[in-house]
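Each residue of the sequence shown is one higher than the last, beginning at 17 in my numbering.
Heads up, the beta-carbon is just placed ideally off N, CA and C, and yes, glycines get one too.
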Amino acid sequence: MYRIPDIVIAVDGYSSTGKSSFAKLVAKEFSLLYLDSGALYRGVTLYAQENGIIDGDNNIDEPALKKALESLDLHFLSTQQGSVMCIGDRVVEKEIRTMAVSSSVSPIAAVPAVRNFVDEKLREAGAKKRVIMDGRDIGTAVFPDAELKIFMTASDEVRAQRRYDELVAKGDNPDINEVLKNLKERDYIDSHREMSPLTQAKDAFVLDNTNMTLKEEVTWMEGLIRGKFGILE
Ligand code: DC
17 MYRIPDIVIA
27 VDGYSSTGKS
37 SFAKLVAKEF
47 SLLYLDSGAL
57 YRGVTLYAQE
67 NGIIDGDNNI
77 DEPALKKALE
87 SLDLHFLSTQ
97 QGSVMCIGDR
107 VVEKEIRTMA
117 VSSSVSPIAA
127 VPAVRNFVDE
137 KLREAGAKKR
147 VIMDGRDIGT
157 AVFPDAELKI
167 FMTASDEVRA
177 QRRYDELVAK
187 GDNPDINEVL
197 KNLKERDYID
207 SHREMSPLTQ
217 AKDAFVLDNT
227 NMTLKEEVTW
237 MEGLIRGKFG
247 ILE
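In structure tokens form, the structure reads like this:
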């Protein structure tokens, strides 16, 4: 067991690079709180879809979205299975991970009012330190002063296969080409939006896990933390 100081760790990168599996394990290893920022964007997207704020062609009624955000109760709930996303009293953890939500989440996440809404929740949680957060702009925009920044990447094919396996494990029947197309579309929108686009922070350490197991990734992280903070127990 390692003891590390009170820090914020930012994990950013492309879709399906395994950020959440990696961040969850690191959180466990170093007793940090794990926060999945993508879940908040997915929660807003589900709400918008269910309330006619975004249509099937991803046309967004921005005034209605802004209004909805004023009273939207989106929060994480701690359960024995880990933290789950809720809209009011309703647990929506499963619903936010579908292809339908994945297909609309990047356009929703490009709306500045949505980013401000999510950023506020993330900064509130991060103020307590000892957190690891994953997303697209954590180290560049949400916590530019994070003590440790990781930027994750992997080949397109490996990412698509991982996402495909995840959906199959959940009982979906996805088309691998659709999954790959969705990943590329999301990467493009996430990297080209005006507000807080996905880019690698100058001081981020790159983790390309195309040919790595999760265990190897955590071992890499242990080495990094040991080198940077030098505190062991
Ligand atoms: O990590 P994820 O695939 O669950 O994220 C879903 C989407 O949310 C992603 O396509 C872009 C958006 N997102 C973002 O814009 N900024 C973040 N910090 C996290 C996610």
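Following a CB-centred definition, is residue i positioned closer than 7 Å to any heavy atom of the ligand DC?
i             : result
valine 121    : yes
aspartate 153 : yes
serine 37     : no
glycine 54    : yes
serine 99     : no
serine 87     : no
tyrosine 63   : no
arginine 202  : yes
aspartate 206 : yes
tyrosine 57   : yes
alanine 217   : no
alanine 84    : no
alanine 125   : yes
serine 31     : yes
Alpha carbon to alpha carbon, how far is residue i from residue j?
i              : j                : result
methionine 149 : leucine 56       : 12 Å
asparagine 193 : isoleucine 20    : 42 Å
arginine 152   : phenylalanine 38 : 15 Å
valine 158     : aspartate 181    : 31 Å
asparagine 75  : lysine 82        : 14 Å
valine 8       : lysine 200       : Outside the displayed range of the chain (17 to 249) lies residue 8, so it cannot be described from this structure.
State the CB to CB distance for the pair residue i and residue j, rounded to an integer number of angstroms; the pair is presumed to be in contact (CB under 8 Å).
i              : j          : result
isoleucine 225 : glycine 34 : Looking at the sequence provided, one finds asparagine at residue 225 rather than isoleucine. Contact flag correct, Cβ pair sits at about 6 Å.
aspartate 219  : lysine 145 : Not quite, the Cβ-Cβ distance comes to about 18 Å (not below 8 Å), so this is no contact.
aspartate 52   : serine 36  : 6 Å
alanine 323    : alanine 26 : No information on residue 323 is available, as it lies outside the stretch 17 to 249 that the chain covers here.
Would you say residue i reaches chain D, if we count a Cβ-Cβ gap shorter than 8 Å as a contact?
i             : result
aspartate 172 : In the structure shown, chain D cannot be found, because there is only a single protein chain.
Starting from the N-terminal side, write out each stretch of the beta strand (DSSP E) that is 3 residues or longer and does not extend beyond the stretch 119–165. Secondary structure in the stretch 119–165: the beta strand (DSSP E) runs of 3 residues or longer, each lying completely within the stretch, are 147–151 in chain order.
Just to confirm the assignment: which complete beta strand (DSSP E) runs, minimum length 3, are found wholly within the stretch 22–72? Listed in chain order, they are 24–29 and 49–52.
Runs of 3 residues minimum, wholly inside the stretch 199–236: which ones carry the beta strand (DSSP E) assignment? DSSP runs (the beta strand (DSSP E)) wholly in the stretch 199–236: 221–224.
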